[in-house]
Amino acid sequence: MRQDEITLVHPEPPKPRYVRLAVDGPRFERTSWAGNGKARHGGKTYASESAARLATERETIKRMQEGFVLLRGPDDVTPGGIVMQCAVPNRGASDFFDLHPDGHTLAVGTMLHQGYGAEIHLIDIRTGRRQPVHAEPVTNEQTFIHAVLFDADGRGIVYAVNGETRYLDLDTGASTVIASYRQFTTARFNPFRLRPAWDQARNRLLVFHTDDVVRVLDAAGNHLLEVPTRDRPECQAGALSRSGRLLALSYELLETEIWDVDTGELLATHPFPVPFDRSASGLGLRTVGFDPTELLVVAEGGYAEGPAAMSVESGELEWAIHDPYRTDRWGTCHSWSYSPDGRLLAVGGHGRVELRDADTRELAPDQLSPSSTGHTRRVVFSTDGKLIVAGGGTGRISVHLAGQPTTTP
310 MRQDEITLVH
320 PEPPKPRYVR
330 LAVDGPRFER
340 TSWAGNGKAR
350 HGGKTYASES
360 AARLATERET
370 IKRMQEGFVL
380 LRGPDDVTPG
390 GIVMQCAVPN
400 RGASDFFDLH
410 PDGHTLAVGT
420 MLHQGYGAEI
430 HLIDIRTGRR
440 QPVHAEPVTN
450 EQTFIHAVLF
460 DADGRGIVYA
470 VNGETRYLDL
480 DTGASTVIAS
490 YRQFTTARFN
500 PFRLRPAWDQ
510 ARNRLLVFHT
520 DDVVRVLDAA
530 GNHLLEVPTR
540 DRPECQAGAL
550 SRSGRLLALS
560 YELLETEIWD
570 VDTGELLATH
580 PFPVPFDRSA
590 SGLGLRTVGF
600 DPTELLVVAE
610 GGYAEGPAAM
620 SVESGELEWA
630 IHDPYRTDRW
640 GTCHSWSYSP
650 DGRLLAVGGH
660 GRVELRDADT
670 RELAPDQLSP
680 SSTGHTRRVV
690 FSTDGKLIVA
700 GGGTGRISVH
710 LAGQPTTTP
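Take 310 as the starting number for the sequence shown in my numbering and just add one per residue.
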């Protein structure tokens, strides 16, 4: 974070603790206090301003890992600014989170030391306070969290652990298995690539099950569609459209299927049009989904490249976001997401999220502040589109006030 001064707060009882970190030329300064208590001062002079800024960043990381958070009210930041930033518990990556439908609470999945055991926490983005709500027991088998998703009313969480998709009732704490498989034993599915996913209204849920079966369930758990994939190449990515009417599945060698969930009809099969003169074409797609019109399949793959869009009807490449400097690859993309109104496209890059007009793919006028999330592998909009949350390899989660697109509806 390249700022001259930031103030972090540790919000947990009995009273809040604060630390202010500042850079004044080559001087790094630290001021800390608790409640209304007396402030303590410290710091160090470095050989250069850049060295002092590096010391500030290291201290920020250390403090956030201790539970301190950066908090700002929405009225105190301009579009793109940071409303809340924190480190996830247990010093893990921050890929596995979701924002409550009311926009006030994050659900975060974390793994314990070396992946033995896992936890789910709730974080209030208005205060930074944390609440553990679920713990996976520590056994002699590693436990990997792969997804954490609120349900439609925010009273439950769908989460993926190893090859199981489960539902956590936040009122009772009960956890129920929705779908399950064991990689290399009962299915070829790779849980690091295939994750459960909702449609926009969170009424339909995509899950992966034993015998290489892909299922779409309604909110009550009833089966709406079942697609056996055992006789196909390995399934590597899948997603529902916004309405939940369409399902996209991508396989090895870029083969992509589009299914009608209501009728069970296979509507189209196309190879996703990655240029075959690139070595990335053999790596497949990492994420797949639809644009807001549901006329295009949008994907990211290769060496974290994209996003790019293919016509559902023809299979032709409709557009791609290109690298600004290189001609042998598309732009850097670790994740992507459309705003609820379909007017903004957010692209997770390295340490930041890029906002683009969804129609023109031109950069939006209001860009986000750097998110400090490293490889930004997850980007989520709030239901009302006013907030954007990013997470990734550094273990930080960054909540931003959203900007506006360049076009008007």
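Just so it is clear, CB atoms sit at the ideal spot from N, CA and C, and this is done for glycine as well.
Residue i: first and last residue of the uninterrupted beta strand (DSSP E) it sits in
i    : result
A483 : Element bounds for A483: n/a, residue is neither H nor E.
E614 : E614 to S620
Q374 : No beta strand (DSSP E) contains Q374, which is instead part of the alpha helix (DSSP H) from E358 to Q374.
R439 : R439 to E445
W628 : L626 to A629
P500 : Element bounds for P500: n/a, residue is neither H nor E.
Q423 : Premise fails: Q423 is in no beta strand (DSSP E) and is neither H nor E.
I697 : L696 to G700
L515 : R513 to H518
D407 : F406 to L408
F690 : R687 to F690
V470 : G465 to V470
L380 : V378 to L380
Those residues which DSSP pairs with residue i across a bridge
i    : result
K353 : F337
A548 : A557
E535 : R524
G598 : V607
P580 : E564
L654 : Y647 and R665
A671 : It should be noted that the sequence gives Glu, not Ala, for residue 671. Per DSSP, none; premise fails for E671.
F453 : DSSP lists no partner for F453.
S707 : Q394 and A699
I315 : L330
R541 : Partner(s): none; R541 has no beta bridge.
Q492 : A496
H413 : In DSSP, H413 forms no bridge with anything.
H476 : Checking the sequence shown, residue 476 turns out to be Tyr, not His. BP columns for Y476 point to V467 and T485.
D433 : T414
T641 : E614
A343 : R326
Chain-order list of residues whose beta-carbon lies under 6 Å from that of residue i (same chain, five-residue window excluded)
i    : result
R661 : P679 and S680
P719 : Since the first residue shown for the chain is 310 and the last is 718, residue 719 is missing from the structure and cannot be characterised.
G390 : S678 and L710
P714 : Residue placement at P714 is poorly supported in this model, since its pLDDT is 47, which falls under 50; the coordinates are not used for a value here.
T719 : For residue 719 there is no data in the structure shown, the boundaries of the chain being 310 and 718.
H443 : I429 and L477
T354 : P335 and R336
Nearest neighbour of residue i, chosen from the options [CA to CA]
i    : options                   : result
K578 : L592, S552 and R541       : Inspection of the sequence shows that residue 578 is occupied by Thr rather than by Lys. Considering only alpha carbons, the answer is R541.
A629 : A529, T448 and W639       : W639
F501 : L477, A546 and T365       : A546
I454 : V470, H443 and V442       : V470
I427 : W568, P398, T369 and I434 : Note that residue 427 corresponds to Ala in the displayed sequence, not to Ile. If we check each option's Cα against that of A427, P398 comes out closest.
D433 : G346, D668 and Q394       : Q394
L576 : P584, L380 and R554       : R554
D384 : R705, I315 and L696       : L696
I706 : S357, P537, R336 and L380 : L380
V708 : R670, T669, A396 and E564 : A396
V570 : T538, V606 and H532       : H532
H518 : N512, T538 and Q440       : T538
L556 : G615, G591, V516 and D521 : V516
D333 : L363, Y327 and N345       : L363
P633 : G346, G615 and L626       : G615
D521 : L503, W507, A529 and A510 : L503
L549 : A608, G376 and R497       : A608
G472 : Q451, D480 and V447       : Q451
V698 : R349, V318 and H409       : H409
S552 : R524, G530, A483 and L604 : L604
Beta-carbon contacts of residue i that lie in its chain and below 8 Å, excluding the five residues immediately before and after
i    : result
P718 : In this prediction, P718 has a pLDDT of 35, which is less than 50 and means its spatial position is unreliable; nothing more can be read from the coordinates.
A613 : R595, T641, C642, H643 and H684
D407 : L415, A416, V457, L458, F459, I466 and V689
D693 : G412 and P649
E625 : P582 and M619
Close beta carbons around residue i, own chain, < 7 Å, minus the five adjacent residues each side
i    : result
G351 : R339
V386 : V392 and L710
D404 : R686, R687, G700 and G701
D527 : N512, R513 and L533
G573 : L534
R635 : none
Any C-beta of chain B under 9 Å from that of residue i
i    : result
D675 : Protein chains in the displayed structure number just one, and chain B is not present.
Residue i beta carbon near the ligand MG (any heavy atom closer than 8 Å)
i    : result
L594 : Annotation note on the ligand MG: not contained in the displayed structure, which lists no ligands.
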